[in-house]
Amino acid sequence: MPQGQRCTAACIHCNGRAAPRLRKKDTMKPDLENSRSFAMTLAHRAVRDVRRDGFRQLRNYVDMCALLAQRPDLKRFFDHAQTVLQRTDSLYYKLINNLVEQVNEDAICTAGINLGFDAIISCASNNRKQNGETRSWLNVGFCSAPELDDAIIQAEAGSSYAWVLYADENLTPKTVAMLQSHTHSVFFVLFDAQKFNEATMERVAGCNNVITLLCLHEPEITTEACRAANAMRSKQMFYGFLVEMGRADAAQAVNTDWLDVLAQYGLFCVYTRKPDMDQQTADAMYRQIVHSRIGSVAVPVLLLDWEHDIKYLNRMITPKTELGQCIPEGKTFPLNFD
9 MPQGQRCTAA
19 CIHCNGRAAP
29 RLRKKDTMKP
39 DLENSRSFAM
49 TLAHRAVRDV
59 RRDGFRQLRN
69 YVDMCALLAQ
79 RPDLKRFFDH
89 AQTVLQRTDS
99 LYYKLINNLV
109 EQVNEDAICT
119 AGINLGFDAI
129 ISCASNNRKQ
139 NGETRSWLNV
149 GFCSAPELDD
159 AIIQAEAGSS
169 YAWVLYADEN
179 LTPKTVAMLQ
189 SHTHSVFFVL
199 FDAQKFNEAT
209 MERVAGCNNV
219 ITLLCLHEPE
229 ITTEACRAAN
239 AMRSKQMFYG
249 FLVEMGRADA
259 AQAVNTDWLD
269 VLAQYGLFCV
279 YTRKPDMDQQ
289 TADAMYRQIV
299 HSRIGSVAVP
309 VLLLDWEHDI
319 KYLNRMITPK
329 TELGQCIPEG
339 KTFPLNFD
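With this note's numbering applied, the sequence shown closes on residue 346, and no number is skipped along the way.
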């Protein structure tokens, strides 16, 4: 990089200083790599067992995870998961069945392990060893950014493996191959539904570490979104929706009719707020979203809140740390990450 040029990639990793071009792909320490390999094996076995025998064996895997978990908060998570899975009327019971039926096994396991083990557990573990210096577990960027590959490598060097990327231009085969080459990272790629064409879908379909998010500007499934969702389901891809919610839309967030439509086309939906939504309305909407994830649930679709849920994960994994960025000068990322 020319001297004096400011790096636009992964700001928390270089703080705006010119960064060295790292070409070495991520390599984990042997103990973490062994644990990751074991987790991947368990994930594949769990998916196959659920497909074959329903939930007969799944709770045994959850017990094993709780036993292996080293952090108290992770133990609590798996203990809660065990309780939830005992209820056949819970959201997660239905959701997991739909997941293993609709999404191919390699995509479930790769994206799941890259997110759960690499991006969350490994990042949190390594941050505890950094003498107070923490690195963000999550990064945001543009697929078209020339520095993206270098930014991902720099992030991986700091045990940061999760990315939310905006496909501001058509996704090229070169970019797709680059994302696929980062085998420990997971990429949530945002696409405008009307721009998600068949060529793009075919390229992304082979990337098991990519989860596609179709962007909707209001809580309504457009014709283009229906077409794209049906095409991805036919390819057994891992995908969901990202829906912009204004103040007037908040009441519809957990509306049963809307959720019924969502469930026909996807497994999960991430809500993000428009500028006109005030904090009080946003907090009320989030309480409804949380309530939709517990107890008896009729519609099997997982709802997430970008602003609230991301802040919660930040506190748990990398407190007081800004998200990493790879945003070209003059461009604005479509999601709020303040």
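Glycine included, every Cβ here is placed at the ideal spot set by N, Cα and C.
Leaving out five residues on either side along the sequence, give the residues of the same chain with a beta carbon under 6 Å from the beta carbon of residue i.
i    : result
V111 : Q244 and F246
N134 : S167
V172 : V148 and F196
Which residues in the same chain as residue i place their Cβ atom closer than 8 Å to its Cβ, once the five residues preceding and following it in sequence are excluded?
i    : result
V262 : Q296, I297, H299, S300 and L311
I121 : R44, A47, M48 and A51
P342 : Y174, L198 and C223
Any idea if residue i is buried or exposed, counting beta-carbon neighbours within 10 angstroms, 16 or more meaning buried?
i    : result
D157 : buried
Q333 : buried
L187 : buried
E8   : Limits of the chain in this structure are 9 at one end and 346 at the other, which puts residue 8 out of reach.
M72  : exposed
L75  : exposed
E155 : buried
Q272 : exposed
H192 : buried
D126 : buried
Y279 : buried
A236 : buried
State the start and end residues of the unbroken beta strand (DSSP E) segment that holds residue i.
i    : result
E252 : Y247 to M253
Q333 : G332 to C334
N170 : According to the sequence shown, residue 170 is Ala rather than Asn. Residues A170 to Y174.
N147 : L146 to F150
What would DSSP say about residue i, mapped onto helix, strand or coil?
i    : result
G62  : coil
T280 : strand
L179 : coil
F341 : coil
S133 : helix
F86  : helix
V262 : coil
D157 : helix
Name the two residues that bound the continuous alpha helix (DSSP H) containing residue i.
i    : result
I219 : It is not in any alpha helix (DSSP H) - I219 instead sits in the beta strand (DSSP E) that spans V218 to L224.
L103 : L99 to Q110
V307 : Per DSSP, V307 belongs to no alpha helix (DSSP H) and is neither H nor E.
Starting from the C-beta of residue i, find all residues in its chain whose C-beta is less than 7 Å away, skip the five residues before and the five after it, and write them out in chain order.
i    : result
V307 : T264, L267, D268 and A271
Y69  : L50 and A54
For a cutoff of 8 Å on Cβ pairs, would you count residue i as touching chain C?
i    : result
A233 : Chain labels in this structure do not include chain C; a single protein chain is all it has.
How about the region 86-98 and the region 286-296: do they share at least three Cβ pairs that are nearer than 8 Å?
no
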